[in-house]
Amino acid sequence: MILDILRRGAPFQQALERIRNGGSPNLSGLPTTAKAFTLALLARELKRSLLVIVDGNKQAEELSEPLETFLASGDETTILPALDVLPHQGLSPHSDILERRAVGLMNLAAGRYSVVIAPIASALLKTRDAKFYGQLSLILRTNEDVPMDMLAGHLESVGYTRSEPVQLRGE
Numbered sequence: 002m003i004l005d006i007l008r009r010g011a012p013f014q015q016a017l018e019r020i021r022n023g024g025s026p027n028l029s030g031l032p033t034t035a036k037a038f039t040l041a042l043l044a045r046e047l048k049r050s051l052l053v054i055v056d057g058n059k060q061a062e063e064l065s066e067p068l069e070t071f072l073a074s075g076d077e078t079t080i081l082p083a084l085d086v087l088p089h090q091g092l093s094p095h096s097d098i099l100e101r102r103a104v105g106l107m108n109l110a111a112g113r114y115s116v117v118i119a120p121i122a123s124a125l126l127k128t129r130d131a132k133f134y135g136q137l138s139l140i141l142r143t144n145e146d147v148p149m150d151m152l153a154g155h156l157e158s159v160g161y162t163r164s165e166p167v168q169l170r171g172e
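Below, the structure written as C-alpha cells:
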C-alpha cells in the first residue's frame, strides 16, 4: 500500500520518465536509505539493470547494504570499486580491488545484477566488451576431469603467474 503511494508520487514518476527517455535522475539530497529505496523501486518498475554513479568507494559501500535490503528476492547488487591508485603513478592497484572489479564485470556481462553501484572514478575507466569478461571464468564440476595443462594455461591467460610454491594471491 505504501509502495503504491510512493510509486504514484510525482517525484518517483519524474525519475522513472527521465530514465525511460534516456536520461538519468538525480537523487542527491536524499538520505542514503531513501536513495536505496527509490533505486529498488526503479529497478522493480523498469525490469532492467541500473547503473548508479556515486562519489567514491565509501558512498558505494554505504548505499549497497540498504539497497540489498529493499531489492526483491532474486535481484542482486554489486559494487565496481574505483582503483586505489592514479593512472601514470607507476603503481599497481590492490589485488582485492582488481579481483572485485573483474568478478563484477564478468557477472555484469552475464546479466546477473539488477543494480551496479560505481564510484565516478570507476565508471570513467575503460572496459572491454562483454565477451572478454565472460571468458575470464572456467567452470569446474565435481567428478569432471580437467587436464592440468589446460587449467594452468587458462589461469596464466587471465593473469596468474606460475610459482612453486604458491604464496601470494595471483600465483
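Here the sequence shown is numbered in the numbering used here, starting from 2 and rising by one per residue. Yeah, the Cβ is synthetic: ideal placement off N, Cα and C, and Gly gets one too. Predicted model, so just to flag it, every value in this text is computed and none were measured.
Residue 37 by DSSP, collapsed to three states: which one?
In this structure, residue 37 counts as helix in the three-state DSSP scheme.
If we count the other Cβ atoms within 10 Å of its Cβ and call it buried at 16 or more, is residue 11 buried or exposed?
Burial call: exposed.
What is the C-beta distance between residue 162 and residue 115, in whole angstroms, given that I count them as a contact (C-beta under 8 Å)?
For a cut-off of 8 Å, the C-beta gap from residue 162 to residue 115 is around 35 Å, too long to register as a contact.
Does the pairing of the stretch 134 to 146 with the stretch 66 to 85 give three or more beta-carbon distances under 8 Å?
Fewer than three Cβ pairs drawn from the stretch 134 to 146 and the stretch 66 to 85 lie within less than 8 Å of each other, which leaves the two stretches out of contact.
Check whether the Cβ atoms of residue 26 and residue 83 sit closer than 8 Å, and answer yes or no.
No; because the gap between Cβ atoms is not below 8 Å, this pair is not in contact.
Could you give the DSSP three-state label for residue 116: helix, strand or coil?
When secondary structure is reduced to three states using DSSP, residue 116 falls in the strand class.
Buried or exposed: where does residue 153 fall if 16 or more other Cβ atoms within 10 Å of its Cβ makes it buried?
With fewer than 16 Cβ atoms within 10 Å of its Cβ, residue 153 is classed as exposed.
Inter-residue spacing [alpha-carbon to alpha-carbon] between residue 168 and residue 144:
Distance from the CA of residue 168 to the CA of residue 144, rounded to the nearest whole angstrom, comes to 27 Å.
Compare the C-alpha of residue 123 against each of 34, 94, 7 and name the closest.
Just measuring C-alpha positions, the residue of 34, 94, 7 sitting nearest residue 123 is 94.
According to DSSP, residues forming a beta bridge with residue 52
DSSP lists 117 as partners of residue 52.
For residue 140, three-class secondary structure by DSSP:
DSSP places residue 140 in coil when its eight states are reduced to three.
Taking 8 Å as the limit between beta carbons, can you name the residues of its chain near residue 100, skipping five residues before and five after?
Taken in chain order, the residues that qualify are 170.
To the nearest angstrom, report how far apart residue 3 and residue 58 are at their CA atoms.
Rounded to the nearest angstrom, the gap between the Cα atoms of residue 3 and residue 58 is 32 Å.
Taking Cβ positions, are residue 106 and residue 81 nearer each other than 8 Å?
Yes, they are a contact pair.
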